[in-house]
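Below: the structure, in structure tokens.
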Amino acid sequence: METNSKWIKFNYKSAILFFAITILVNLIFLPVLTNLGMSRPFGLFVLTSLGSSAGLSYILLAKHGFYKSKKQASIFTMVVTLVCTASSYFLMYLS
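Take our numbering: the final residue in the sequence shown is number 148, and no numbers are missing along the way.
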């Protein structure tokens, strides 16, 4: 029985990879940005939004094959980047 669900299937291996990418981006690049003079909260905001959008785009586009054309993949990446930036802003500054 095949079901066509609009929900994205996201298994535990993908979740671990997503969080690993986000955490590693923060661990590796936050000291670099703070040494360059960027404030720590703003650096966390920038790196978390970029790391989460890169991780989510990689998992859904490369690992799960969630696109049919390059145009769809680029639009999906832009939308994911906007959503990850908005959610990072909410978590860092509004909560």
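Ideal placement from N, C-alpha and C gives every residue a C-beta, glycine not left out.
Review point. Any idea what DSSP makes of Y111, helix, strand or coil?
Key: helix
Item to check | Y146 - containing alpha helix (DSSP H), residue span | outcome: Where Y146 is concerned, there is no enclosing alpha helix (DSSP H), given that its DSSP letter is neither H nor E.
**Request:** Closer than 6 Å by C-beta to L110: which residues in its own chain qualify, once you throw out the five before and the five after it? Chain order, please.
**Result:** Contrary to the premise, residue 110 reads as Ser rather than Leu in this sequence. Excluding positions up to five away in sequence, the list reads T130 and V133.
Given N64 as reference, the closest of V99, S102 and L113 once Cα atoms are compared: L113
With three or more beta-carbon pairs closer than 8 Å as the criterion, would you say the region 75-87 touches the region 95-106? yes
field: Every unbroken alpha helix (DSSP H) within the region 88-135, with a cutoff of 4 residues, ordered by chain
entry: 93-110
**OP:** Tell me whether M54 is buried or exposed, calling it buried when 16 or more other Cβ atoms sit within 10 Å of its Cβ.
**Re:** Its pLDDT being 41, under 50, M54 is placed unreliably in this model, and the value from its coordinates should be taken loosely. Looking at its Cβ environment, which holds fewer than 16 other Cβ atoms inside 10 Å, M54 is exposed.
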